[in-house]
Amino acid sequence: MGKNAVHVEIRSFKIPPSKAVEKAFTERVLAKVVAKLPASAKPVVKYKRIHANIYVGCRRPSRARDTFLSCSCDGLCGSNCKVRRLQCECLARGSEDCGNQRLQRRQYAKTEIRPAGIKGLGLFAMEAIMKGTLVTEYVGEVITREECMRRKAKTTGHLYFMALENDMFIDARHKANEARFINHSCDPNCIIELWYVGDEPRAAVVASKDISCDEELSFDYAFHHDPRNRPEYPCHCGSELCRGFIDAPRRVRP
């Protein structure tokens, strides 16, 4: 762990803490992290920490419970589970963990927020993470496409939008969890997978390769590039596949 590391573990709570505890924990984490940055690089970070998506101006998907997929696995649900193969989670059955309830149980990898050079803050692994492991969930306010466009037009600086499904987007600018701090890379070590828990779509951050302890976590923001327009968002990932701009066409590894 580097000398500038901040020893603050992002923890998952079995029982959601009170608002006062949540607010104090978030402020303590950010204060320690920002204190490690040089004065010229200290960002203004204001957001409310949440553990699950909040729907704003749009309805959470809903359908009859008897239409949910169920499996007939004997014991733990492994890679052959028909529900898991469709990127759906088995619904929780009391305290029993079938092995396919990672999002519901917040079975995340250990991570922490640290200074990330020119990028400001980033999210780093606190343990070795194997390929295919659920790292965390990208959560925020779920909004409509129209509201996303409205917010984007009003926003200067960093954007935190992520497409979900059916013209729904996640905005992690004002309400979010630690996934908010995952930076872009043109050669990332994580991907975003769309999973379903019952009728709700969820954005799972999954390791796309083996990740070492202390390695910064990243995924490709994959902004849509219109070839008629010049790229707008400079990239600072520093990888061999860096395309210079986040919204530029992707490069292919030789």
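In the numbering used here, the protein residues as written are 230 to 483.
The beta carbon of each residue, even a glycine, is placed where N, CA and C say it ideally should be.
- The Cβ atoms of I411 and V371 lie no closer than 9 angstroms to each other.
- Taking 9 angstroms as the cut-off, the beta carbon of V364 is found no closer than this to the beta carbon of L423.
- Membership of R313 in the alpha helix (DSSP H) is indicated by the continuous run 311-314.
- For the pair C419 and C464, the CB atoms are not nearer than the 9 angstroms cut-off.
- In this structure, R313 is the residue among I279, R313, E461 with its C-alpha nearest to the C-alpha of R331.
- Here DSSP, grouped into helix, strand and coil, assigns K277 to strand.
- In this structure, the beta-carbon distance from E366 to F353 does not fall below 9 angstroms.
- The beta carbon of N329 sits closer than 7 angstroms to the beta carbons of C306, C310, V312, R313, E318, C319 from its chain, once the five residues preceding and following it are set aside; these are given in chain order.
- Straight-line measurement puts the Cα of R480 at about 24 angstroms from the Cα of G346.
- Here DSSP, grouped into helix, strand and coil, assigns K339 to coil.
- In the DSSP assignment, A436 falls within the beta strand (DSSP E) that extends over 429-436.
- In this structure R379 is not in contact with Y276, their Cβ atoms being roughly 19 angstroms apart against a cut-off of 8 angstroms.
- Taking C-beta atoms under 8 angstroms as the contact rule, F448 and V426 fail to qualify, at a distance of about 20 angstroms.
- DSSP assignment within the stretch 373-442 yields the following whole alpha helix (DSSP H) runs of 4 residues or more, N-terminal first: 374-383.
- The bridge partners DSSP lists for V368 come to none.
- The alpha-carbon of M355 is positioned some 10 angstroms away from that of I440.
- The beta-carbon separation of P456 and A477, rounded to 10 angstroms, does not stay under the 8 angstroms limit for a contact.
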